[in-house]
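No gaps in the numbering here: position 70 of the sequence shown is 70 in full-length UniProt numbering, and each next residue is one more.
Every residue, glycine too, gets a C-beta built ideally from N, C-alpha and C.
Heads up: the structure comes next, in structure tokens.
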Amino acid sequence: MQIRVYASQDAPAVVQLWNDCGLTRPWNDPHKDIARKLSVSPELFWVGVDDQGEVVASIMVGYDGHRGWINYLAVHPRHQRQGHARQLMQRAEAELTALGCPKLNLQVRAGNEAVIAFYESLGYSDDHTVSLGKRLIADI
1 MQIRVYASQD
11 APAVVQLWND
21 CGLTRPWNDP
31 HKDIARKLSV
41 SPELFWVGVD
51 DQGEVVASIM
61 VGYDGHRGWI
71 NYLAVHPRHQ
81 RQGHARQLMQ
91 RAEAELTALG
101 CPKLNLQVRA
111 GNEAVIAFYE
121 SLGYSDDHTV
131 SLGKRLIADI
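And the structure:
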């Protein structure tokens, strides 16, 4: 898998990938999420493509000067368990380290034990915090 920066023509494939991976929710418009990311550090939004150029993975990386964040890490079900997610995370960690980021955070939906186990295999652990959220702009 080759990793490259997201390009506008990737939108349909990326949204389909997120749907195929169960990442989308009715209250989040994935096209708006893409547009929002493109307005802040678009160089940290990557896709993984196979030998035919098909988008098979994605990751949004964020850094606010204090903490790094991972969003929309996805690998198409047909391409899972081949090291692609690990490859994307290694690149994210390297890029954030180069930017001086001291800590990386991410969120996993409760009950998604397989994904939690994946992140634990990369050295991530439960910070024993509660994630709170408040929607400021409704997508739907």
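- M1 and Q80: beta carbons closer than 8 Å? The count along the sequence shown starts at 1 and reaches residue 1 at position 1. The count along the sequence shown starts at 1 and reaches residue 80 at position 80. No, Cβ-Cβ distance for M1 and Q80 is not below 8 Å.
- Query: Which two residues bound the contiguous beta strand (DSSP E) that contains A57?
  - Reply: By one-based count along the sequence shown, residue 57 stands at place 57. Start and end: V55 to Y63.
- Task: Sort L96, H128, W27 and I137 by Cα distance to Q107 and report the nearest one.
- Result: In the sequence shown, the residue the question calls residue 107 occupies position 107. Checking every option, the nearest Cα to that of Q107 belongs to H128.
- Task: Output yes or no for whether 8 Å exceeds the beta carbon distance between V40 and V49.
- Result: Indexing the sequence shown from 1 puts residue 40 at position 40. Indexing the sequence shown from 1 puts residue 49 at position 49. Taking 8 Å as the Cβ cut-off, V40 and V49 do not qualify as a contacting pair.
- Message: So, for V75: in the same chain, excluding its five sequence neighbours on each side, which residues have a beta-carbon less than 6 Å away from its beta-carbon?
- Response: Looking up residue 75 in the sequence shown gives position 75. If we look at V75 and ignore the five residues flanking it on each side, its Cβ neighbours are A57, H84 and A85.
- Task: Alpha carbon to alpha carbon, how far is G22 from K37? Give it in angstroms, no decimals.
- Result: Counted from its first residue, the sequence shown places residue 37 at position 37. Counted from its first residue, the sequence shown places residue 22 at position 22. If you take the alpha carbons of K37 and G22, they lie about 19 Å apart.
- Message: Assuming contact is defined by CB atoms lying nearer than 8 Å, are G53 and L104 in contact in what I supplied?
- Response: Mapped onto the sequence shown, residue 53 falls at position 53. Mapped onto the sequence shown, residue 104 falls at position 104. No, the pair does not count as a contact, with Cβ atoms beyond the cut-off.
- Message: Between the alpha carbons of A92 and I140, how many angstroms are there, rounded?
- Response: Reading the sequence shown from its first residue, position 92 is the one you call residue 92. Reading the sequence shown from its first residue, position 140 is the one you call residue 140. Near 30 Å, if we compare the C-alpha coordinates of I140 and A92.
- Message: I need the straight-line Cα distance from A7 to A110, nearest angstrom please.
- Response: Mapped onto the sequence shown, residue 7 falls at position 7. Mapped onto the sequence shown, residue 110 falls at position 110. Between the alpha carbons of A7 and A110 lies a gap of roughly 31 Å.
- Message: By the DSSP assignment, the beta strand (DSSP E) with V14 in it spans what residues?
- Response: In the sequence shown, residue 14 corresponds to position 14, counting from 1. From DSSP, V14 is part of no beta strand (DSSP E) but of the alpha helix (DSSP H) over A11 to D20.
- Message: Just verifying my parser: in three-state terms, what is the DSSP assignment at Y72?
- Response: The residue labelled residue 72 in the question sits at position 72 within the sequence shown. Y72: strand per DSSP, three-state reduction.
- Message: Quick check on DSSP: helix, strand or coil for Q87?
- Response: Walking along the sequence shown from the start, residue 87 turns up at place 87. In this structure, Q87 counts as helix in the three-state DSSP scheme.
- Using DSSP with H/G/I as helix, E/B as strand and the rest coil, what is I137? Position 137 of the sequence shown, counted from the first residue, corresponds to residue 137. Note: I137 maps to coil in three-state DSSP.
- Message: Here's the rule: buried if 16 or more other CB atoms are within 10 angstroms of the residue's CB, otherwise exposed. What is G133?
- Response: Here residue 133 is taken as the residue at index 133 of the sequence shown, counted from 1. With fewer than 16 Cβ atoms within 10 Å of its Cβ, G133 is classed as exposed.
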